[in-house]
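Take the sequence shown: its position 56, counted from the start at 1, is 56 in this note's numbering, and no numbers get skipped. First comes the structure, then the notes that go with it.
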Amino acid sequence: MFLSNRSLFVAALSMAALSAQAVDAFSNLDPAPDSYNGLVAYDVSPNNRQGFQFTAVAGGMLTGFQVAMNNLSSPARQFNFSLYEDSGSDTLGTFLFSWNQLSTGVDYNTTRSALVSIDASGSGINIVNGAKYWVVANAELMTFWNTANSGTAMHLMGDTYIPNSDQGAYSVQVEAVPEPASMVALGLGAVALLRRRRAA
């Protein structure tokens, strides 16, 4: 009986783990090989930061980003990628976190699917479904942020806000946390299974 109960417990834990899954809180990327516009890019440099506003379509703990941050040619160059809350007035609000990354080091004119993966799993940031945020990039040496194939957003270029601008191509991933009601249902299901096993 101990082994059966233990098996049920492990199964319940496994189901709970599976219910937390990685999803896009935002994405303007298309499927490869044409994930973004390979002919148009914003230059990112010390005096020309680039930022874009997004509204989260899913909530959960932030796990990472995919960004179309490329060079005109090799080698790869370092850039800084930051996340901010929106101020409530479609401008930068509270700074949340920043990551130093290397660009892909590929020619942005020819590549339409090379992406930089940014691991944000240790940031402890909770993205709220429906809330507005900003992603902002700057670099010591000129780097290029390719644009998405479609869609517009509020755009920060340097210190100037530009509405309805082409977006830099990126996605934001979160680990979706199950609703409390779902977890209760999962727990009740495990208890029912346990009682059934005991009655057998």
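Beta carbons: idealized from backbone N, C-alpha and C, even for Gly.
Across the set Gly51, Thr143, Leu62 and Val23, the C-alpha of Gly51 shows the shortest separation from the C-alpha of isoleucine 162.
Burial check for glycine 124: the Cβ neighbour count within 10 Å stays below 16, so the residue is exposed.
Contact annotation: the stretch 146-161 does not touch the stretch 94-101, with fewer than three C-beta pairs closer than 8 Å. Apart from sequence neighbours up to five positions away, the residues of its chain that approach isoleucine 127 with a beta-carbon distance below 8 Å are Ala25, Ala56, Ala58, Gly59, Gly60, Met61, Leu62, Tyr133, Val172 and Val174, ordered along the chain. Counting along the chain, aspartate 166 sits inside the beta strand (DSSP E) bounded by residues 160-168. Note on geometry: alpha-carbon atoms of asparagine 149 and glycine 38 lie some 9 Å from one another. DSSP, read as helix, strand or coil, puts glutamate 85 in strand. Aspartate 43 is bridged by DSSP to Phe144. The three-state reading of DSSP puts isoleucine 125 in coil, since its state is none of H, G, I, E or B. Within the same chain, Gly158 come within 8 Å of asparagine 47 by CB-CB distance, once the 5 residues on both sides are set aside. Counting the other CB atoms within 10 Å of its CB gives glutamine 167 a total of 16 or more, which places it among the buried residues.
In this structure, asparagine 146 sits near alanine 41, with a CB-CB distance shorter than 8 Å. The three-state reading of DSSP puts asparagine 100 in strand, counting E and B together. Relative to alanine 76, the option among Asp107, Gly93 and Val136 whose CA is nearest is Asp107. In the assembly as shown, asparagine 138 is a buried residue. Its beta-carbon has 16 or more other beta-carbons within 10 Å. Distance from the Cα of leucine 29 is smallest, within the candidate group Ser117, Met142, Leu92 and Ser113, for Ser113. Sequence-distant partners of alanine 22 (beyond 5 residues in either direction) whose C-beta falls short of 8 Å from its own C-beta, in its chain, are Thr63, Gln173, Val174, Glu175 and Ala176.
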